[in-house]
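*Asks:*
Number of protein chains: 2
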Amino acid sequence: MHARIHNFNAGPAALPLPVLEEIKDSFLNFKESGMSITEVSHRSKWFDDVINDAIERTKRLLKLNDRYKVLFIQGGASMQFCMAPLNFLSDGRSADYINTGTWSAKAIKEAEIQNKPIKVAASSEDKNFCYIPENIPFNKDAVYVHLTSNNTIKGTQFESLPDTGHIPMVIDMSSDIMSRPVDMGDIGMIYAGAQKNIGPAGVCMVIIRQDLLDLVPDNIPSMLSYATFANKNSMFNTPPCFSIYTIALVLKWLEETIGGLEKMDMLNRKKASLLYDFIDNSDFYNATAEKGSRSLMNVTFRLPAAGLEKSFVEKAIDNGLGGLKGHRSVGGCRASIYNATGIDAINDLVSFMKLFEKNAG
Amino acid sequence: MHARIHNFNAGPAALPLPVLEEIKDSFLNFKESGMSITEVSHRSKWFDDVINDAIERTKRLLKLNDRYKVLFIQGGASMQFCMAPLNFLSDGRSADYINTGTWSAKAIKEAEIQNKPIKVAASSEDKNFCYIPENIPFNKDAVYVHLTSNNTIKGTQFESLPDTGHIPMVIDMSSDIMSRPVDMGDIGMIYAGAQKNIGPAGVCMVIIRQDLLDLVPDNIPSMLSYATFANKNSMFNTPPCFSIYTIALVLKWLEETIGGLEKMDMLNRKKASLLYDFIDNSDFYNATAEKGSRSLMNVTFRLPAAGLEKSFVEKAIDNGLGGLKGHRSVGGCRASIYNATGIDAINDLVSFMKLFEKNAG
Numbered sequence: 001m002h003a004r005i006h007n008f009n010a011g012p013a014a015l016p017l018p019v020l021e022e023i024k025d026s027f028l029n030f031k032e033s034g035m036s037i038t039e040v041s042h043r044s045k046w047f048d049d050v051i052n053d054a055i056e057r058t059k060r061l062l063k064l065n066d067r068y069k070v071l072f073i074q075g076g077a078s079m080q081f082c083m084a085p086l087n088f089l090s091d092g093r094s095a096d097y098i099n100t101g102t103w104s105a106k107a108i109k110e111a112e113i114q115n116k117p118i119k120v121a122a123s124s125e126d127k128n129f130c131y132i133p134e135n136i137p138f139n140k141d142a143v144y145v146h147l148t149s150n151n152t153i154k155g156t157q158f159e160s161l162p163d164t165g166h167i168p169m170v171i172d173m174s175s176d177i178m179s180r181p182v183d184m185g186d187i188g189m190i191y192a193g194a195q196k197n198i199g200p201a202g203v204c205m206v207i208i209r210q211d212l213l214d215l216v217p218d219n220i221p222s223m224l225s226y227a228t229f230a231n232k233n234s235m236f237n238t239p240p241c242f243s244i245y246t247i248a249l250v251l252k253w254l255e256e257t258i259g260g261l262e263k264m265d266m267l268n269r270k271k272a273s274l275l276y277d278f279i280d281n282s283d284f285y286n287a288t289a290e291k292g293s294r295s296l297m298n299v300t301f302r303l304p305a306a307g308l309e310k311s312f313v314e315k316a317i318d319n320g321l322g323g324l325k326g327h328r329s330v331g332g333c334r335a336s337i338y339n340a341t342g343i344d345a346i347n348d349l350v351s352f353m354k355l356f357e358k359n360a361g
Numbered sequence: 001m002h003a004r005i006h007n008f009n010a011g012p013a014a015l016p017l018p019v020l021e022e023i024k025d026s027f028l029n030f031k032e033s034g035m036s037i038t039e040v041s042h043r044s045k046w047f048d049d050v051i052n053d054a055i056e057r058t059k060r061l062l063k064l065n066d067r068y069k070v071l072f073i074q075g076g077a078s079m080q081f082c083m084a085p086l087n088f089l090s091d092g093r094s095a096d097y098i099n100t101g102t103w104s105a106k107a108i109k110e111a112e113i114q115n116k117p118i119k120v121a122a123s124s125e126d127k128n129f130c131y132i133p134e135n136i137p138f139n140k141d142a143v144y145v146h147l148t149s150n151n152t153i154k155g156t157q158f159e160s161l162p163d164t165g166h167i168p169m170v171i172d173m174s175s176d177i178m179s180r181p182v183d184m185g186d187i188g189m190i191y192a193g194a195q196k197n198i199g200p201a202g203v204c205m206v207i208i209r210q211d212l213l214d215l216v217p218d219n220i221p222s223m224l225s226y227a228t229f230a231n232k233n234s235m236f237n238t239p240p241c242f243s244i245y246t247i248a249l250v251l252k253w254l255e256e257t258i259g260g261l262e263k264m265d266m267l268n269r270k271k272a273s274l275l276y277d278f279i280d281n282s283d284f285y286n287a288t289a290e291k292g293s294r295s296l297m298n299v300t301f302r303l304p305a306a307g308l309e310k311s312f313v314e315k316a317i318d319n320g321l322g323g324l325k326g327h328r329s330v331g332g333c334r335a336s337i338y339n340a341t342g343i344d345a346i347n348d349l350v351s352f353m354k355l356f357e358k359n360a361g
């Protein structure tokens with residue numbers, strides 16, 4: 001049995017090995033505190049340093065100006081589907097949503113369940129979400145435009161952000177945050193469940209601009225208010241300390257080992273090209289997303305038959321390649337190749353795909 | 001510097017050393033998966049086994065019948081302050097709250113902010129929350145009675161649960177869950193932030209009875225509905241995997257090393273007696289909670305002067321005794337002696353307290 005496999009899981013997903021090793025090595029005695037990071041008080045200097053390090057690294061990596069605050073909130077992106085309309089649409093005004101698949105649709109549903117008057121400004125449902133809509137006619141009175149920058153399940157990604165005419169964008173970046181530089185120009189808020197590109201499950205990073213914070217009403221429950229988290233540096237109550245600690249280590253690795261988001265982007269493009277080029281040159285494998293809309297993070301593909309796909313996934317595991325099964329809602333295969341997945345993993349995957357095709361022929 | 005200190009933190013707090021060692025040892029390769037527990041998919045057999053193990057152990061330890069479901073929800077007890085009234089008071093009916101200090105008061109506030117017509121049936125605010133109210137006149141039409149079984153900050157604890165005349169109790173047990181057996185008779189729901197007695201921060205255990213689940217309305221956001229978590233075995237979205245995994249290990253330690261809640265209760269009583277007896281026999285240290293209302297988990301005490309308290313806390317740290325500072329809202333000193341704090345820690349604390357008194361005299 002392989003000690004460590006190549007992990008192509010969609011999330012929770014691979015983490016950088018040096019990060020895991022550092023957690024392991026200091027697990028019984030964090031920074032000479034005599035305690036595990038899981039035992040240290042969140043009101044201590046030790047944890048203050050951890051959370052502030054995660055915040056400062058986020059600001060540097062994304063080149064955030066002082067109008068943005070970095071928050072850590074529990075409940076994953078799904079909680080943000082609820083919180084964004086609750087916080088920003090308290091006065092009866094509307095927001096635009098772009099529907100590019102499963103997660104966008106869930107965001108829309110959670111706004112509608114609160115009777116918020118949102119509008120779906122564009123959708124790619126007509127072609128089973130295999131592309132990203134363009135030239136979208138936004139409503140000028142929208143408080144924000146919501147979109148999912150990368151669609152984990154459908155394998156599509158916005159190559160560049162849409163022009164909203166300065167309406168603030170609220171972006172679910174769960175599966176591509178920190179994978180490339182971002183032009184923050186018209187971005188009002190980014191949120192990202194950590195468990196794909198920046199850490200373990202159990203925390204959602206929220207980057208919010210002051211003009212959106214100013215919209216938050218007073219009369220909502222404390223734990224559902226962005227103002228609570230902004231005013232208390234995400235420590236109104238006990239935060240998910242271990243998850244935030246791991247994020248800080250992943251961001252340190254991004255800055256100091258990888259060298260920042262430009263470098264990460266180059267690596268990610270190289271990884272995705274290797275895989276898409278191989279698939280495009282094959283008659284056996286078929287990519288499901290349209291060119292121009294393809295995700296650099298989640299490469300979705302089909303084999304000629306469902307039986308072959310099942311056998312492909314099983315044999316891959318035997319060869320130390322895990323997590324290649326497509327999402328249960330769409331079937332097929334999917335290789336999630338987030339930041340922590342190295343080029344060696346892609347090379348091994350392509351070699352295996354060649355061999356599998358040959359043996360199936 | 002001590003490799004490991006005696007940790008008297010109020011939460012996050014001490015975890016059993018064998019649990020920390022098991023996490024450390026398997027951190028790079030969980031159950032021969034070739035992945036860290038932080039990298040394993042929540043939709044995998046590996047994680048299913050983890051969450052179901054945590055649930056089954058909870059059911060055995062608390063002797064739950066089939067009417068109860070065990071859920072894991074993010075956001076800590078503070079999120080439960082919001083969710084309980086939202087889920088159970090949708091039809092305009094009322095609930096009774098007992099106010100025994102900071103956390104009870106916060107629970108009341110989060111119900112009131114939602115305009116739920118709750119009533120404070122009893123309060124110990126008249127004596128700075130140093131006692132637990134008795135003979136409480138509950139309102140017969142209350143949907144539930146809310147109480148905080150142990151008051152981490154004030155150092156008080158319900159010695160036994162009040163007689164509500166079969167109105168279901170909703171109990172915040174964050175700081176004494178699994179510290180002693182519980183008569184589930186009239187308990188409709190228990191919730192507990194994990195970071196005191198059962199795990200790391202980042203997850204709240206919720207034990208809910210079917211009749212309360214039946215009250216949950218359809219038209220609330222998915223992540224705020226107990227029904228969502230009950231119907232999806234707490235995996236509507238990605239759960240806080242690492243925190244749940246640690247809970248499973250702590251409960252295993254409770255069952256297999258300690259021997260269950262009766263044994264744990266005996267140990268906890270012995271630990272608390274050692275400390276309270278020493279304090280009661282001293283003219284230098286003064287316990288702040290009234291006899292009969294004293295917490296077995298959080299022993300709060302004062303020294304003759306604030307300056308001495310500051311010096312006490314500092315010298316204690318130098319002697320490998322951490323976390324003895326009282327909550328910032330009340331001052332003084334506090335020794336949190338949860339399940340994972342051994343009797344050796346209490347003995348060392350008492351020895352230090354004797355020495356400190358002698359040197360201060």
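For the protein sequence lines, the chains are V and E, in the order given.
In terms of my numbering, the first sequence opens at residue 1 and continues consecutively.
In terms of my numbering, the second sequence opens at residue 1 and continues consecutively.
Ideal Cβ placement from N, Cα and C applies to all residues, glycine included.
Just so you know, these numbers come straight off a predicted model, no measurement behind them.
1. Between the Cα of C204 (chain V) and those of V:V170, V:D183, V:A122 and V:S78, spot the shortest distance and give me the residue it belongs to.
2. Quick one, are the C-beta atoms of K335 (chain E) and Q195 (chain E) less than 8 Å apart?
3. Let me check understanding here. Comparing Cα to Cα, which of E:C333, E:R57 and E:I247 lies closest to T288 (chain E)?
4. Whose C-beta lies closer than 7 Å to the C-beta of M1 (chain E) among residues of the same chain, with five residues either side of it excluded?
5. Could you tell me whether any Cβ in chain V is nearer than 8 Å to the Cβ of S90 (chain E)?
6. M1 (chain E) CB to nearest chain V CB: under 8 Å?
7. Going by DSSP, what residues sit across from T148 (chain E) in a beta bridge?
8. Is it right to say D172 (chain E) is buried, meaning 16 or more other beta carbons lie within 10 angstroms of its own, or is it exposed?
9. With DSSP as the reference, label T362 (chain V) as helix, strand or coil.
10. By the criterion of Cβ-Cβ separation under 7 Å, what are the contact partners of Q114 (chain V) in chain E?
11. May I ask you to report which of helix, strand or coil DSSP gives M1 (chain V)?
12. Give a yes or no on whether 8 Å exceeds the smallest Cβ distance from L15 (chain E) to chain V.
13. Contact between the stretch 272-282 of chain V and the stretch 109-116 of chain E: three or more CB pairs below 8 Å?
14. Who are the neighbours of T246 (chain V) on chain E, taking C-beta pairs under 8 Å?
15. Within 10 Å of its beta-carbon, does P217 (chain E) have 16 or more other beta-carbons around it, so buried, or fewer, so exposed?
16. Would you call the stretch 238-255 of chain E in contact with the stretch 48-63 of chain E, where contact means no fewer than 3 C-beta pairs closer than 8 Å?
17. Taking the alpha-carbon positions, what's the T164 (chain V) to M189 (chain V) distance?
18. Does any residue of chain E have a CB that is nearer than 8 Å to the CB of G75 (chain V)?
19. Could you tell me which residues DSSP pairs with V203 (chain V) in its beta bridges?
20. Quick check: the Cα distance between A3 (chain E) and D348 (chain E), rounded to an integer number of angstroms?
21. Can you name the residues of chain E whose CB is closer than 7 Å to the CB of S319 (chain V)?
22. What did DSSP end up calling N9 (chain E) once you bin it into helix, strand or coil?
23. Indicate the three-state DSSP secondary structure (helix, strand or coil) for R269 (chain E) in the structure shown.
24. Taking C-beta pairs closer than 8 Å, name the residues in chain V that M266 (chain E) reaches, listed in chain order.
25. Taking only beta-carbon atoms, is T300 (chain E) less than 8 Å away from chain V?
26. Reducing DSSP to helix, strand and coil, say where N231 (chain V) ends up.
27. Give the straight-line distance between the Cα atoms of I167 (chain V) and R67 (chain V), rounded to the nearest whole angstrom.
28. Can you tell me whether DSSP reads S225 (chain V) as helix, strand or coil?
29. Express the C-alpha separation of V330 (chain E) and D96 (chain E) in angstroms, rounding to a whole number.
30. If we require 3 or more residues per run, which beta strand (DSSP E) segments fall completely within the stretch 71-126 of chain E?
31. Would you decide whether N359 (chain V) is buried or exposed? Buried here means 16 or more other CB atoms lie within 10 Å of its CB.
32. If contact means a Cβ-Cβ distance below 8 Å, which residues of the stretch 153-167 of chain V contact chain E?
*Replies:* Taking the geometry as given:
1. Distances from the CA of C204 (chain V) to each of V:V170, V:D183, V:A122 and V:S78 were compared; the closest alpha carbon is that of V:S78.
2. The question names Lys, yet the displayed sequence has Ala at residue 335 (chain E). No, Cβ-Cβ distance for A335 (chain E) and Q195 (chain E) is not below 8 Å.
3. It is E:C333.
4. Residue confidence for M1 (chain E) is low, a pLDDT of 41 falling below 50, so the modelled location carries little weight; the figure read from the coordinates is stated next. Shown here for M1 (chain E): not one same chain residue has a beta carbon closer than 7 Å to its own, the five before and five after excluded.
5. It does not: the Cβ of S90 (chain E) has no partner Cβ on chain V nearer than 8 Å.
6. Bear in mind that the predicted position of M1 (chain E) carries a pLDDT of just 41, short of 50, making it too unreliable to give a figure here.
7. Answer is E:D172.
8. Around the beta carbon of D172 (chain E), a 10 Å sphere encloses 16 or more other beta carbons of the protein chains shown; the residue is thus reported as buried.
9. The requested residue 362 (chain V) does not occur in the structure, where chain V is confined to residues 1 to 361.
10. The answer, in chain order, is P221.
11. At M1 (chain V) the pLDDT is 41, less than 50, meaning the model places this residue with poor confidence; the figure from the coordinates comes in the next sentence. Three-state DSSP puts M1 (chain V) in coil, outside helix and strand.
12. Yes, L15 (chain E) lies at the interface with chain V (some Cβ there is under 8 Å from its Cβ).
13. Per the Cβ contact rule, the stretch 272-282 of chain V is not in contact with the stretch 109-116 of chain E (fewer than 3 Cβ pairs under 8 Å).
14. Those are T38, listed as they occur along chain E.
15. P217 (chain E) should be labelled exposed.
16. In short, these stretches touch, since the Cβ pair count reaches three.
17. Using only the alpha carbons, I get a separation of about 14 Å.
18. Yes, its Cβ sits closer than 8 Å to a Cβ of chain E.
19. None, per the DSSP bridge assignment.
20. Using only the alpha carbons, I get a separation of about 16 Å.
21. Reading off the sequence shown, one finds Asn at residue 319 (chain V), where the question assumed Ser. Near N319 (chain V) there are no residues of chain E at all, since even the closest Cβ is about 11 Å away, more than 7 Å.
22. In this structure, N9 (chain E) counts as coil in the three-state DSSP scheme.
23. In this structure, R269 (chain E) counts as helix in the three-state DSSP scheme.
24. Taking a Cβ-Cβ cut-off of 8 Å, M266 (chain E) has no neighbours in chain V, whose nearest Cβ is about 24 Å from it.
25. No - not a single Cβ of chain V is within 8 Å of the one on T300 (chain E).
26. In the structure shown, N231 (chain V) adopts helical secondary structure according to DSSP, grouped into three states.
27. Answer to the nearest angstrom: the Cα atoms are 16 Å apart.
28. In the structure shown, S225 (chain V) sits in coil (DSSP, three-state: anything other than H, G, I, E or B).
29. Distance between the alpha carbons of D96 (chain E) and V330 (chain E): 26 Å.
30. Runs found: 96-99 and 119-123.
31. By the 10 Å Cβ count, N359 (chain V) comes out exposed.
32. Those residues of the stretch 153-167 of chain V that come within reach of chain E (Cβ to Cβ, closer than 8 Å) do not exist; the list is empty.
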